[in-house]
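Enquirer: Provided herewith is a single structure, encoded as structure tokens, for subsequent inquiry.
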Amino acid sequence: MPLVTSKEMLLRAQQEGYAVGAFNANNMECVKAVIEAAEEEKAPVILQVSQGAIKYAGLEMAAAMVMTAARLSPVPVALHLDHGTSFEQNIQCLLAGFTSLMYDGSAEPLEKNIAVSARITEIAHLKKVPVECELGKIPKVEEFFGADEIIALSKEKDISKVVDVVRKKAGEKTEQLMADPAQAEEFVRRTSADSLAAAIGSIHAMWDDIQPIRIDRVKALRAATNIPLVLHGSSGVIRTRKDAQERGITLKENEGTLEDAVEAGVAKVNVATAINMAFLAASKKAFEKSPDERDIRKILLPGLQAAKDLVKSYMRLLGSSGRAQATAASGSAKAVAVHGEE
Ligand SMILES: [Zn+2]
């Protein structure tokens, strides 16, 4: 079916208490993994083009892969720009047929972030394309840990010890960077943002899903803004309370898991690093098993399968499995007919 916008997808998710997964379109294998997962789970899905993907594949190539995959698929797919860097890049994507945009003005002074965000939403809304804006700042793991430290921590068996190190090195700064609910109310009112990437304690590009996030802040932001909230850096967030217990991670007061965040009002969950890691681990294993292999597809296919399995498990966790038809019905009448033929 044709691409749908993320607007209805996320509003419906917000109303019904689940979240839509957003995964990166880094190459054809990743796009196929995500689309096949969405089809098997009957889930609406967002495929996003990151700044890294723009550098790697080029904007047009990355967008075309998603558009083609969406057209051939019966599930609703939105094509989203991740961490758009400027007004110009957002307009370029709007003209290229993206059905969901993002402006990340978190490095700018607040007034500039508001001004650029508002300018983008004003134009995008003329084409009925929604815009995600960022408030607070979601840090990157490299801001706290060097490459050697990450390798050492990822090998540590005592996960509670690793969580303590993360709290000690990144906790204070991450908390300072979190979005302020009162400021969020003003930000959303003045920008007309459709969804809000609000910093709530997660960190981009974590190597393991061990980090608790601040559920009190999710609830306060949800009450202050009433638009779908977006969780970035979800690869590093502990998935469930059961996982936390099994891995020996103690949650402090006001802290919670990915499952808690969805229950508290997060409607879009971005997962990138965990999918990359699953892909690489499976492809590495295939290569080690057949080091003389000369067919690139035989090495990439196990990676695709592993990525797909992980995407499916996130869809089930977020509650988006089985929601494709209802989302398509609210998105386009034609989409219902296509989906009904399945
Ligand atoms: Zn992000």
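For our numbering, add 247 to where a residue sits in the sequence shown, where the first one is 1. Virtual Cβ for every residue (Gly too), placed ideally from N, Cα, C. As the structure is a computational prediction, the values presented were derived from the model and not from experiment.
In terms of residues, what are the limits of the beta strand (DSSP E) holding serine 442?
Expert: One-based indexing of the sequence shown puts residue 442 at position 195. Per DSSP, serine 442 belongs to the beta strand (DSSP E) from 442-445.
Enquirer: Using 8 Å as the threshold, is the stretch 310-323 in touch with the stretch 366-381, meaning 3 or more CB pairs across them?
Expert: No: the two stretches stay apart, fewer than three of their Cβ pairs being nearer than 8 Å.
Enquirer: Could you tell me which residues DSSP pairs with lysine 375 in its beta bridges?
Expert: Your numbering for residue 375 matches position 128 in the sequence shown. In the DSSP output, where bridge partners are listed per residue, lysine 375 has none listed.
Enquirer: Determine the DSSP secondary structure at isoleucine 474, reduced to helix, strand or coil.
Expert: The residue given as residue 474 occupies position 227 in the sequence shown. Of the three classes helix, strand and coil, the one that applies to isoleucine 474 here is coil, per DSSP.
Enquirer: Who are lysine 387's beta bridge partners in DSSP?
Expert: The residue you call residue 387 lines up with position 140 of the sequence shown. Partner(s): His451.
Enquirer: Can you tell me which residues fall inside 7 Å of ligand 1, judged by beta-carbon distance to its nearest heavy atom, and keep chain order?
Expert: Asp329, His330, Ile385, Ala444, His451, His479, Gly480, Asn517
Enquirer: Would you report the Cα separation of glutamine 295 and leucine 328, rounded to the nearest angstrom?
Expert: Your numbering for residue 295 matches position 48 in the sequence shown. Your numbering for residue 328 matches position 81 in the sequence shown. Each residue's alpha carbon lies about 6 Å from the other.
Enquirer: Let me confirm a value: histidine 586 is counted as buried when at least 16 other C-beta atoms fall within 10 Å, else exposed. Which label applies?
Expert: Residue numbering aside, residue 586 sits at position 339 when the sequence shown is read from its first letter. Confidence in histidine 586 is poor, its pLDDT being 40 and thus under 50, which makes the residue's placement too unreliable to answer from.
Enquirer: Can you tell me which residues form a DSSP beta bridge with serine 353?
Expert: In the sequence shown, the residue the question calls residue 353 occupies position 106. None, per the DSSP bridge assignment.
Enquirer: Please classify glutamate 381: does DSSP put it in a helix, a strand, or coil?
Expert: Here residue 381 refers to the residue found at position 134 when the sequence shown is read from its first residue. Assignment of glutamate 381 by DSSP, reduced to helix, strand and coil, places it in the strand class.
Enquirer: Inspect the beta-carbon positions of leucine 443 and cysteine 380 and report whether they are closer than 8 Å.
Expert: By one-based count along the sequence shown, residue 443 stands at place 196. By one-based count along the sequence shown, residue 380 stands at place 133. Result yes, Cβ atoms of leucine 443 and cysteine 380 sit closer than 8 Å.
Enquirer: Could you check the C-alpha separation between tyrosine 265 and alanine 514 for me, to the nearest Å?
Expert: Within the sequence shown, residue 265 is the residue found at index 18, counting from 1. Within the sequence shown, residue 514 is the residue found at index 267, counting from 1. Cα-Cα distance, rounded: 6 Å.
Enquirer: Considering only residues of the same chain and omitting the five flanking positions on each side of valine 518, which have a CB-CB separation below 7 Å?
Expert: Start at 1 with the first residue of the sequence shown, and residue 518 comes out as number 271. Cβ neighbours of valine 518 beyond the five flanking positions: Gly268, Phe270, Ser481, Ser482, Tyr561.
Enquirer: Here's a check: name, in chain order, each residue in its chain whose Cβ is nearer than 6 Å to the Cβ of lysine 555, leaving out the five neighbours to either side.
Expert: Locating residue 555 in the sequence shown gives position 308, where the first residue counts as 1. Counting only Cβ-Cβ distances below 6 Å, and skipping sequence neighbours, we find Ala280, Glu283, Ala284.
Enquirer: Pick out whichever of Asp463, Ala491, Pro475 has its Cα sitting closest to the Cα of isoleucine 457.
Expert: On the sequence shown, residue 457 is found 210 positions in, with the first residue counted as 1. Nearest C-alpha to isoleucine 457: Ala491.
Enquirer: Return the chain-ordered list of same chain residues with a C-beta closer than 7 Å to the C-beta of leucine 319, the five sequence neighbours on each side being excluded.
Expert: The count along the sequence shown starts at 1 and reaches residue 319 at position 72. Answer for leucine 319: no residue qualifies.
Enquirer: Excluding the 5 residues preceding and the 5 following phenylalanine 334 in the sequence, name in chain order all residues of the same chain whose CB lies nearer than 7 Å to its CB.
Expert: Mapped onto the sequence shown, residue 334 falls at position 87. Contacts found: Val363, Arg366, Ile367.
Enquirer: Just the C-alpha distance for asparagine 273 and serine 407, rounded to the nearest angstrom, thanks.
Expert: Here residue 273 refers to the residue found at position 26 of the sequence shown. Here residue 407 refers to the residue found at position 160 of the sequence shown. Approximately 33 Å between the Cα atoms of the pair.
Enquirer: Could you work out which residue in Thr438, Phe391, Tyr350 is closest to valine 412 when comparing CA atoms only?
Expert: Here residue 412 refers to the residue found at position 165 when the sequence shown is read from its first residue. Closest by alpha carbon: Phe391.
Enquirer: Evaluate the contact criterion for the stretch 458-465 versus the stretch 495-510: three or more CB pairs, one atom per stretch, below 8 Å.
Expert: yes
Enquirer: Starting from the C-beta of alanine 260, find all residues in its chain whose C-beta is less than 6 Å away, skip the five residues before and the five after it, and write them out in chain order.
Expert: Within the sequence shown, residue 260 is the residue found at index 13, counting from 1. Result list for alanine 260: Ala266, Val267, Ala514, in chain order.
Enquirer: Return the CA-CA distance between aspartate 395 and lysine 415, expressed in angstroms with no decimal places.
Expert: Here the question's residue 395 lines up with position 148 in the sequence shown. Here the question's residue 415 lines up with position 168 in the sequence shown. Rounded to whole angstroms, aspartate 395 to lysine 415 spans 18 Å at the Cα level.
Enquirer: Just verifying my parser: in three-state terms, what is the DSSP assignment at leucine 424?
Expert: Sequence index remark: in the sequence shown, residue 424 carries index 177 (1-based). Leucine 424 falls in the coil class under three-state DSSP.
Enquirer: Classify serine 568 as helix, strand or coil using the three-state DSSP reduction.
Expert: The residue you call residue 568 lines up with position 321 of the sequence shown. Residue state, collapsed to three classes: coil.
Enquirer: Could you give the DSSP three-state label for arginine 486: helix, strand or coil?
Expert: Counting from one through the sequence shown, the residue named residue 486 turns up at place 239. Coil at arginine 486, not helix or strand.
Enquirer: Within the continuous beta strand (DSSP E) that includes alanine 269, where are the two ends?
Expert: Taking the first residue of the sequence shown as 1, we reach residue 269 at position 22. Segment 267-271, the beta strand (DSSP E) holding alanine 269.
Enquirer: By the three-class DSSP mapping on this structure, what secondary structure does isoleucine 460 have?
Expert: Taking the sequence shown and counting its residues from 1, one reaches residue 460 at position 213. Looking at isoleucine 460 - three-state DSSP - the assignment turns out to be strand.
Enquirer: Based on the DSSP secondary-structure assignment, which residues constitute the bridge partners of isoleucine 293?
Expert: Numbered from 1 along the sequence shown, position 46 holds the residue referred to as residue 293. Under DSSP, isoleucine 293 takes part in a beta bridge, and its partners are Ala269, Ala325.
Enquirer: State the Cα-Cα distance for the pair aspartate 441 and glutamate 403, rounded to the nearest angstrom.
Expert: The residue you call residue 441 lines up with position 194 of the sequence shown. The residue you call residue 403 lines up with position 156 of the sequence shown. Take the alpha-carbon of aspartate 441 and the one of glutamate 403: they are about 41 Å apart.
Enquirer: List the residues that DSSP assigns as beta-bridge partners of leucine 548.
Expert: As a working note, residue 548 is residue 301 in the sequence shown. Paired residue(s): none; leucine 548 is not in a bridge.
Enquirer: Helix, strand or coil for glutamate 540 per DSSP?
Expert: Looking up residue 540 in the sequence shown gives position 293. Looking at glutamate 540 - three-state DSSP - the assignment turns out to be coil, as it is neither helix nor strand.
Enquirer: Take alanine 471 and list the residues in its own chain whose beta-carbon comes closer than 6 Å to its own, dropping the five residues that flank it on each side.
Expert: Working through the sequence shown from its first residue, we reach residue 471 at position 224. Cβ neighbours of alanine 471 beyond the five flanking positions: Pro428, Ala431, Glu432.
Enquirer: Cβ atoms of threonine 315 and threonine 252: under 8 Å apart, would you say?
Expert: As a working mapping, residue 252 is identified with position 5 in the sequence shown. As a working mapping, residue 315 is identified with position 68 in the sequence shown. Not a contact, by the Cβ cut-off of 8 Å.
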